[in-house]
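Numbering-wise, this note's numbering comes out as the position in the sequence shown, counting from 1, plus 224. Note sheet for the following structure.
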Amino acid sequence: EKPESERFTSALYFKVADIQGTRDSLASRGVIFETEPHRVAKMPDHELWMAFFRDPDRNLLGLMCEKRA
């Protein structure tokens with residue numbers, strides 16, 4: 225079997241209204257984040273923010289939030 229970094233995988237994104245609050249709630253339940261909430265794109269009318277973590281099977285999951293400018 226290939227190392228995890230060489231396996232093809234998909235990510236599942238959850239759109240949330242409050243990315244920091246959702247991150248904090250999940251972290252308080254033991255979820256370990258690979259990345260903290262951060263801006264990935266600046267659009268004319270909003271910013272796109274994401275944070276990533278893995279489920280127990282090591283599948284990549286993401287929180288996504290559109291913050292209005």
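Think of the CB as a built atom: it goes at the ideal place given N, C-alpha and C, for glycine as much as any other residue.
Checklist line | Best match in 234, 240, 227 for proximity to residue 274 [C-alpha to C-alpha] | finding: 240
Margin query: I need the boundaries of the beta strand (DSSP E) containing residue 251, first residue and last residue.
Written below: Per DSSP, residue 251 belongs to no beta strand (DSSP E); it is in the alpha helix (DSSP H), 243-252.
Note to self: Using only the alpha-carbon positions, how far apart do residue 191 and residue 271 sit?
What the structure shows: It is not possible to answer for residue 191, since the shown part of the chain is limited to 225 through 293.
Notebook entry, point to check: Quick one: what's residue 314 bridged to in DSSP?
Noted result: The requested residue 314 is not part of the displayed model; the chain covers only 225 to 293.
Next item on the list: To the nearest angstrom, report how far apart residue 259 and residue 233 are at their CA atoms.
Entry: If I take the Cα positions, the gap works out to 18 Å.
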